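What follows is a short report on a single structure.
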Amino acid sequence: LTLLGLESSCDDTAAAVVRHTPGELPQILSSVVAGQAELHADFGGVVPEIAARAHAEKLDICVEQALLQANLLLKDLDGIAVTAGPGLIGGVVAGVMCAKGLAAGSGLPLIGVNHLAGHALTPRLTDQASFPYLMLLVSGGHCQFLIAKGPEAFQRLGGTIDDAPGEAFDKTAKLLGLPQPGGPSVEAEARQGDPQRFRFPRPLLDRPGCDMSFSGLKTALLRQRDRLIAEHVGLRRRDRADLCAGFQAAVADVLAEKSRRALAEYLTLKPSAPILAVAGGVAANMTIRSALETVCTQAGAAFLAPPLALCTDNAAMIAWAGIERMRAGARDDMTLQARPRWPLDQKAPAMLGSGK
Ligand code: ATP
Ligand code: FE
Numbered sequence: 001l002t003l004l005g006l007e008s009s010c011d012d013t014a015a016a017v018v019r020h021t022p023g024e025l026p027q028i029l030s031s032v033v034a035g036q037a038e039l040h041a042d043f044g045g046v047v048p049e050i051a052a053r054a055h056a057e058k059l060d061i062c063v064e065q066a067l068l069q070a071n072l073l074l075k076d077l078d079g080i081a082v083t084a085g086p087g088l089i090g091g092v093v094a095g096v097m098c099a100k101g102l103a104a105g106s107g108l109p110l111i112g113v114n115h116l117a118g119h120a121l122t123p124r125l126t127d128q129a130s131f132p133y134l135m136l137l138v139s140g141g142h143c144q145f146l147i148a149k150g151p152e153a154f155q156r157l158g159g160t161i162d163d164a165p166g167e168a169f170d171k172t173a174k175l176l177g178l179p180q181p182g183g184p185s186v187e188a189e190a191r192q193g194d195p196q197r198f199r200f201p202r203p204l205l206d207r208p209g210c211d212m213s214f215s216g217l218k219t220a221l222l223r224q225r226d227r228l229i230a231e232h233v234g235l236r237r238r239d240r241a242d243l244c245a246g247f248q249a250a251v252a253d254v255l256a257e258k259s260r261r262a263l264a265e266y267l268t269l270k271p272s273a274p275i276l277a278v279a280g281g282v283a284a285n286m287t288i289r290s291a292l293e294t295v296c297t298q299a300g301a302a303f304l305a306p307p308l309a310l311c312t313d314n315a316a317m318i319a320w321a322g323i324e325r326m327r328a329g330a331r332d333d334m335t336l337q338a339r340p341r342w343p344l345d346q347k348a349p350a351m352l353g354s355g356k
């Protein structure tokens, strides 16, 4: 099967072509990502209306590029996969409309994909992970543990009850005057810092289960920052590095401890070759990565971290999830709806298309 995938649920417009022949390794024939960072830079966050307009403008160009790079025409494809949610509704609608147009014009099948399923199925695209595997999705908008049991079967074990870690990194950067996106700049700063100097909370570790909370870290950071500013009439270089290191260590500790618990629950399924896989931009963080790796080693599980370009938003994961859904017999039609909210442990849109 060869599918075109479209992604437009947040602030990246993306198109990709993925091919898979059973028994062979999946091939990413092209993967085009057009970011919008510069459009939102002045606003301190993604502005939904601007994002939607930019998606509408860029989708066609991305599709054209993706087909060109794959050296294919629409008629060489077996289907069109598109993110149908969750995400910013304007962007998702733009993607779904574009995909419907392409499908109608070419007569190709249309497959709606859950963006989170795209992330969660990536370890099968990159490493042929076999079900069931444990997944930690950790990005700017999401943080949750899932057991992937099949292309459309996901069990959620827990997740953040407030901010996502990427969001916390971004806010931390903002509070300390570091550039956006916050993850890489906080990580760079933390490299020179002492993680022990300031005390940061480890929220919800005293509670059983896999739920997490990260908004308290930001409050703790704000308090320490203001105290330091009052003491020295400004933040010293050293203070900033120590704050970043302390904050990052707290996030890593929480993710590691909750991963330990999620692994314990997942291991009761007795998978023959246990796997913890990560996805999402925060998985780029080396401190967090090595903390998770240690947890896996101790639990006897393999640790999978796909290449960064496939960890962050992209359309190759959507094309791949489309291939998996198609193999499972799923098809959508012109009634496919864009859904701003769409928890992964609910059914696919085809089954919800009429009457909710
Ligand atoms: P989602 O995919 O959940 O809709 P998103 O587009 O914000 O949201 P990603 O593109 O996966 O998510 O990741 C971006 C987030 O990852 C940002 O919040 C960014 O700060 C964070 N991030 C990137 N690199 C690092 C890093 N080295 N350390 C920590 N966080 C990082
Ligand atoms: Fe995403």
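So that you can map any letter, position 283 of the sequence shown is 283 in my numbering, and since no number is skipped, the others follow by simple counting.
Don't be surprised by glycine CBs; every beta carbon is placed ideally from N, CA and C.
All values reported here derive from a predicted model rather than from experimental measurement.
For residue i, the nearest candidate out of the options (CA to CA)
{"i": "residue 309", "options": "155, 281, 84 and 334", "result": "281"}
{"i": "residue 216", "options": "161, 186, 231 and 232", "result": "161"}
{"i": "residue 260", "options": "26, 30 and 157", "result": "157"}
{"i": "residue 341", "options": "4, 313, 109 and 9", "result": "9"}
{"i": "residue 223", "options": "344, 175, 190 and 111", "result": "175"}
{"i": "residue 122", "options": "334, 337 and 277", "result": "277"}
{"i": "residue 20", "options": "320, 169 and 306", "result": "320"}
{"i": "residue 257", "options": "72, 78, 212 and 27", "result": "212"}
{"i": "residue 134", "options": "302, 333 and 322", "result": "302"}
{"i": "residue 150", "options": "111, 325 and 250", "result": "325"}
{"i": "residue 29", "options": "315, 343 and 186", "result": "315"}
{"i": "residue 17", "options": "86, 125 and 270", "result": "125"}
{"i": "residue 306", "options": "275, 332, 295 and 39", "result": "275"}
Straight-line Cα distance separating residue j from residue i
{"i": "residue 221", "j": "residue 243", "result": "7 Å"}
{"i": "residue 130", "j": "residue 23", "result": "13 Å"}
{"i": "residue 311", "j": "residue 154", "result": "18 Å"}
{"i": "residue 262", "j": "residue 232", "result": "43 Å"}
{"i": "residue 81", "j": "residue 140", "result": "23 Å"}
{"i": "residue 189", "j": "residue 92", "result": "35 Å"}
{"i": "residue 265", "j": "residue 163", "result": "24 Å"}
{"i": "residue 42", "j": "residue 327", "result": "44 Å"}
{"i": "residue 118", "j": "residue 152", "result": "11 Å"}
{"i": "residue 4", "j": "residue 182", "result": "32 Å"}
{"i": "residue 299", "j": "residue 58", "result": "45 Å"}
{"i": "residue 304", "j": "residue 284", "result": "12 Å"}
{"i": "residue 109", "j": "residue 338", "result": "17 Å"}
{"i": "residue 200", "j": "residue 247", "result": "6 Å"}
Buried versus exposed, by CB contacts within 10 Å (16 or more), residue i
{"i": "residue 114", "result": "buried"}
{"i": "residue 226", "result": "exposed"}
{"i": "residue 75", "result": "exposed"}
{"i": "residue 272", "result": "exposed"}
{"i": "residue 234", "result": "exposed"}
{"i": "residue 237", "result": "exposed"}
{"i": "residue 137", "result": "buried"}
{"i": "residue 36", "result": "buried"}
{"i": "residue 11", "result": "buried"}
{"i": "residue 313", "result": "buried"}
{"i": "residue 269", "result": "exposed"}
{"i": "residue 7", "result": "buried"}
{"i": "residue 343", "result": "exposed"}
Beta bridge counterpart(s) of residue i as assigned by DSSP
{"i": "residue 19", "result": "2 and 27"}
{"i": "residue 275", "result": "302"}
{"i": "residue 122", "result": "DSSP lists no partner for residue 122."}
{"i": "residue 34", "result": "13"}
{"i": "residue 144", "result": "137 and 159"}
{"i": "residue 83", "result": "113"}
{"i": "residue 7", "result": "14"}
{"i": "residue 332", "result": "110"}
**OP:** Within the segment 149-229, note down every full alpha helix (DSSP H) run reaching 4 residues or more, in order along the chain.
**Re:** 165-175 and 182-190
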